[in-house]
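Undergrad: Line by line, the protein sequences are chains A and B.
Just so we're aligned, residue 1 is where the first sequence starts under the working numbering, counting upward by one.
Just so we're aligned, residue 1001 is where the second sequence starts under the working numbering, counting upward by one.
Glycine included, C-beta positions come from ideal geometry on N, C-alpha and C.
Protein chains: 2
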Amino acid sequence: MTKMYKENSLSKNQQIIFDLIDKSPEPLKAYTILFYVQKKGIKAPPQVYRALDKLVEIGKIHKIESKNAFVACKNSNCEISKATAFSICERCEEVDEVSDTKLSKYLSKFNDKKGMTFKRFNLEFFGLCKRCKIK
Amino acid sequence: MTKMYKENSLSKNQQIIFDLIDKSPEPLKAYTILFYVQKKGIKAPPQVYRALDKLVEIGKIHKIESKNAFVACKNSNCEISKATAFSICERCEEVDEVSDTKLSKYLSKFNDKKGMTFKRFNLEFFGLCKRCKIK
DNA sequence: CTTTAAAATGTTATATTATTACATACTGTT
DNA sequence: AACAGTATGTAATAATATAACATTTTAAAG
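(1) By a C-beta neighbour count over all protein chains shown, 10 Å radius and 16 as the cutoff for buried, is Lys1063(B) buried or exposed?
(2) List, in chain order, every chain B residue whose beta-carbon is nearer than 9 Å to that of Thr117(A).
(3) Does the separation of the CB atoms of Arg1131(B) and Cys1092(B) fall below 8 Å?
(4) Can you tell me which of the three DSSP states Asp96(A) falls into?
(5) Considering Lys74(A), what are the terminal residues of the alpha helix (DSSP H) in which it resides?
(6) Return the chain-ordered list of same chain residues with a C-beta closer than 7 Å to the C-beta of Leu1103(B), the five sequence neighbours on each side being excluded.
(7) Taking 8 Å as the CB-CB limit, is Lys114(A) close to chain B?
(8) I believe Asp1100(B) touches Lys114(A) by the beta-carbon criterion, under 8 Å. Please report the beta-carbon distance rounded to the nearest angstrom.
(9) Residues of the segment 1075-1100 of chain B in Cβ contact with chain A at a cutoff of 8 Å, in chain order, please.
(10) Grab me the residues of Asn122(A)'s own chain with a C-beta within less than 6 Å of its C-beta, minus the 5 sequence neighbours each way, in chain order.
(11) With a threshold of 16 other CB atoms inside 10 Å of the CB of Lys60(A), please say whether the residue is buried or exposed.
(12) When the Cα atoms are used, what is the spatial distance from Lys1105(B) to Ala69(A)?
(13) Taking the straight line between their C-alpha atoms, what separation do you get for Gly41(A) and Lys12(A)?
(14) Applying the 10 Å Cβ sphere with the 16-neighbour rule, what's the burial state of Met1(A)?
(15) Return the chain-ordered list of same chain residues with a C-beta closer than 8 Å to the C-beta of Lys119(A), the five sequence neighbours on each side being excluded.
(16) Which residues in chain B sit within 8 Å of Glu65(A), going by Cβ to Cβ distance?
(17) DSSP on Arg131(A), reduced to helix/strand/coil?
(18) For chain B, is any of its Cβ atoms less than 8 Å away from the one on Phe70(A)?
(19) Identify, in the order they occur along the chain, each residue of the same chain with its Cβ nearer than 6 Å to the Cβ of Ile1016(B), setting aside the five sequence neighbours on each side.
(20) For Tyr31(A), which of Lys54(A), Ala44(A) and Ile88(A) has the nearest alpha-carbon?
(21) Would you list the residues sitting across from Leu1010(B) in a DSSP beta bridge?
(22) Between Tyr106(A) and chain B, is there a C-beta pair that is closer than 8 Å?
(23) Of all Cβ atoms in chain A, is any one closer than 8 Å to the Cβ of Phe1035(B)?
(24) Could you round the C-beta distance between Lys67(A) and Pro27(A) to whole angstroms and report it? I think they count as a contact, below 8 Å.
(25) In the DSSP assignment, what are the bridge partners of Lys63(A)?
(26) Quick check on the DSSP output: the alpha helix (DSSP H) that includes Ala44(A) runs from which residue to which?
(27) Below 8 Å on the Cβ atoms is my guess for Val1098(B) versus Asp19(A); work out the distance and round it to an integer in Å.
(28) Residues in the same chain with beta-carbon distance under 6 Å from Val48(A), minus the five sequence neighbours each way, listed in chain order, please.
Structure, rendered in structure tokens:
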């Protein structure tokens, strides 16, 4: 019959790359990740991209599309990357995941006029963070 | 004094590239654009990217971040690219600009908890379009 | 404990997307 | 005519991402 595979644990490369992203205070790009994990034996881009793809798929990380960079998911409530929202400071480049249940519900229920059925959305807000506003 | 420059007309390259994008039924990528405009004398990537940057800046086109592709703005009411929303079919790749005043207002007024001031947002919905749902 | 399908890995090469840097020309105001 | 801002042309290269193929690991099922 169809086999069941474990869903919780990460593979070696996935774990290495997730740990790095999770510890990072800022979004990491694929080649920055590659640079840092070379000492751990991950030597080539496909290894990085494969792990990233998988981590995105299972919702452990998100891709910030406007920056081609990746952050760990801090919410447990963005159900497997179906509903993501980020705030991005245009000056200091700080990125935060916006977790607002109302917003998330509002967008998840949104139906467009042309009859599309939405499975997923990604929202990116741009502006100035608290600190950068002052300066 | 500070000079005033014209704000309405596009330069030659900008016009060529805008026309191409505007006529296209689908988002166009930079190198696809480059291919099509070579017969008009635009030969190198920087020429394309510069025109694209400018057209985005003045709100004549938008970038679909998840696809690295560009579409013409069909709304006159997304005030200079400050508030953009798109629906993207995951099967046929069709992209439409979502113009929903309520949604736009809701998101423009959204304030996050960390005190950021938002100037702009981009929202991308993914799912299946009407036609692809049937198949 | 062996077989097996799925998942993950390793590796080389290459494709795609985007920018730097610098020289030149055009545009419209003063 | 002088100028400042904008746009253009061009070559080179940087940054991001995938294709293709061989091999190995994982863990469920027999």
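TA: The relevant details are as follows:
(1) To locate residue 1063(B), count along the second sequence from 1; it is residue 63. Under this definition Lys1063(B) is a buried residue.
(2) As a working mapping, residue 117(A) is identified with position 117 in the first sequence. Neighbours of Thr117(A) on chain B, chain order: Gly1127, Leu1128, Cys1129, Lys1130 and Lys1133.
(3) Taking the first residue of the second sequence as 1, we reach residue 1131(B) at position 131. Taking the first residue of the second sequence as 1, we reach residue 1092(B) at position 92. Cβ atoms of Arg1131(B) and Cys1092(B): closer than 8 Å.
(4) By one-based count along the first sequence, residue 96(A) stands at place 96. Three-state DSSP puts Asp96(A) in a strand.
(5) Position 74 of the first sequence holds residue 74(A). Lys74(A) -> no alpha helix (DSSP H), and no H or E assigned at all.
(6) Numbered from its first residue, the second sequence carries residue 1103(B) at position 103. Around Leu1103(B): Ala1085.
(7) Counting from 1 along the first sequence, the entry for residue 114(A) is found at position 114. So, interface residue.
(8) Along the second sequence, one-based indexing puts residue 1100(B) at 100. Along the first sequence, one-based indexing puts residue 114(A) at 114. No, Asp1100(B) and Lys114(A) are not in contact; Cβ-Cβ is about 11 Å, not under 8 Å.
(9) Ser1087, Cys1089, Glu1090, Asp1096, Val1098 and Asp1100
(10) Numbered from its first residue, the first sequence carries residue 122(A) at position 122. Counting only Cβ-Cβ distances below 6 Å, and skipping sequence neighbours, we find Thr84.
(11) Your numbering for residue 60(A) matches position 60 in the first sequence. That one is buried.
(12) The residue labelled residue 1105(B) in the question sits at position 105 within the second sequence. The residue labelled residue 69(A) in the question sits at position 69 within the first sequence. Each residue's alpha carbon lies about 28 Å from the other.
(13) Sequence index remark: in the first sequence, residue 41(A) carries index 41 (1-based). Sequence index remark: in the first sequence, residue 12(A) carries index 12 (1-based). Roughly 11 Å separates the two Cα atoms.
(14) Position 1 of the first sequence, counted from the start, is the residue given in the question as residue 1(A). Any answer about Met1(A) is weak, because its pLDDT of 47 lies below 50 and its placement is not dependable; what the coordinates show is given next. Exposed, by the Cβ-count rule.
(15) Stepping through the first sequence from its first residue, residue 119(A) is reached at position 119. Once the five neighbours on either side are set aside, the close Cβ partners of Lys119(A) are Lys82.
(16) Start at 1 with the first residue of the first sequence, and residue 65(A) comes out as number 65. Ordered by position in chain B, the residues that pass the 8 Å Cβ test against Glu65(A) are Glu1065, Ser1066 and Glu1124.
(17) On the first sequence, position 131 is the one that residue 131(A) refers to. The answer is helix: DSSP assigns Arg131(A) an H, G or I state.
(18) Counting from one through the first sequence, the residue named residue 70(A) turns up at place 70. No, because no Cβ of chain B sits closer than 8 Å to the Cβ of Phe70(A).
(19) Within the second sequence, the letter at position 16 stands for residue 1016(B). Closer than 6 Å at Cβ, skipping near neighbours: Val1037 and Lys1040.
(20) Numbered from its first residue, the first sequence carries residue 31(A) at position 31. If we check each option's Cα against that of Tyr31(A), Ala44(A) comes out closest.
(21) By one-based count along the second sequence, residue 1010(B) stands at place 10. Partner(s): none; Leu1010(B) has no beta bridge.
(22) Translated into positions along the first sequence, residue 106(A) becomes position 106. Chain B contact via Cβ: present.
(23) If you number the second sequence from 1, residue 1035(B) lands on position 35. By this cut-off, Phe1035(B) is not an interface position.
(24) Position 67 of the first sequence, counting from 1, holds the residue named residue 67(A). Position 27 of the first sequence, counting from 1, holds the residue named residue 27(A). Their Cβ separation, rounded to whole angstroms, is 6 Å, which keeps Lys67(A) and Pro27(A) in contact under 8 Å.
(25) Within the first sequence, residue 63(A) is the residue found at index 63, counting from 1. Paired residues: Phe70(A).
(26) On the first sequence, residue 44(A) is found 44 positions in, with the first residue counted as 1. It is not in any alpha helix (DSSP H) - Ala44(A) carries neither H nor E in the DSSP assignment.
(27) Translated into the one-based positions of the second sequence, residue 1098(B) becomes position 98. Translated into the one-based positions of the first sequence, residue 19(A) becomes position 19. Not a contact, Cβ separation roughly 37 Å.
(28) Here residue 48(A) refers to the residue found at position 48 of the first sequence. Here the set comprises Ala30, Ile33 and Leu34.
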